[in-house]
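Colleague:
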């Protein structure tokens, strides 16, 4: 099957195939980056991010880490956006020794049509729910961060500044205090 003058390829079906295809694809992206110097790795643990870029300032080594489950959820056609996004981070690391999601990142991302943010590929197991009747703030969380474990430690709704409850999505269990979190965690056990 061909598209224009390029031959369409099947989507990678293995982790090694994904890394190989990602490195090949990266070499075709119009970014001033020494792609041959990049290391490529797969993450099996990530639950939220589709990829990341790690930099070792001592050695200068840059590793693009791609999440296998995100690739399987998105498919190749969407996942190339994640690759381009991580290439912008790699470019910043190679050029400036640091990277973030600031103006410089956004300008370069726009140049190579990289998404500014990569969407999550799984739903969070926990959500923070504002208790104000006219506020629909409900950010998801994948891990038990401090606002999840200790919602009574001065945290508030990110939209209206009101109080919130923490809700474990699968069980519907909610809590507003550190003690409530401990009770929920204990009662849910392996279902956490």
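Residue numbers (the working numbering): 3 to 194. For each residue, glycine too, the CB sits at the ideal point set by N, CA and C.
#1: Compare the Cα-Cα distances from residue 128 to each of 119, 146 and 112 and report the closest residue.
#2: Excluding sequence positions up to five away, which residues of its chain have a Cβ less than 6 Å from the Cβ of residue 21?
#3: Counting pairs of beta carbons, one from the stretch 65-79 and one from the stretch 98-110, are three or more of them closer than 8 Å?
#4: Throw me the rounded Cβ distance for the residue 114 and residue 90 pair, which I believe falls under 8 Å.
#5: Which two residues bound the contiguous beta strand (DSSP E) that contains residue 166?
#6: According to DSSP, is residue 190 helix, strand or coil?
#7: Is the stretch 106-126 touching the stretch 81-96 in the sense that three or more CB pairs, one from each, lie closer than 8 Å?
#8: Look up residue 33 in the DSSP assignment and say whether it is helix, strand or coil.
#9: Leaving out five residues on either side along the sequence, give the residues of the same chain with a beta carbon under 6 Å from the beta carbon of residue 8.
#10: So what does DSSP say about residue 174, is it helix, strand or coil?
#11: In angstroms, rounded to a whole number, what distance separates the CA positions of residue 15 and residue 70?
#12: For residue 187 versus residue 194, is the C-beta distance shorter than 8 Å?
#13: Can you look up residue 86 in the DSSP assignment and give me helix, strand or coil?
#14: For a quick check, are the C-beta atoms of residue 53 and residue 37 less than 8 Å apart?
#15: Output needed for residue 96: all residues of its chain with C-beta closer than 7 Å, excluding positions within five of it in sequence on either side, in chain order.
#16: Cα separation between residue 279 and residue 92?
#17: Whole angstroms is fine: what's the gap from residue 152's alpha carbon to residue 57's?
Modeller: Taking the geometry as given:
#1: 146
#2: 42
#3: no
#4: 7 Å
#5: 166-170
#6: helix
#7: yes
#8: coil
#9: Unreliable positioning characterises residue 8 in this predicted model, as indicated by a pLDDT of 36, which lies under 50. A coordinate reading is not provided.
#10: When DSSP states are grouped into helix, strand and coil, residue 174 belongs to the coil group.
#11: 10 Å
#12: Going by C-beta atoms, residue 187 is nearer than 8 Å to residue 194.
#13: DSSP, read as helix, strand or coil, puts residue 86 in helix.
#14: no
#15: Same-chain partners within the cutoff: 35, 36 and 64.
#16: Examination of residue 279 is not possible in this model, given that the chain is present from 3 through 194 alone.
#17: 32 Å
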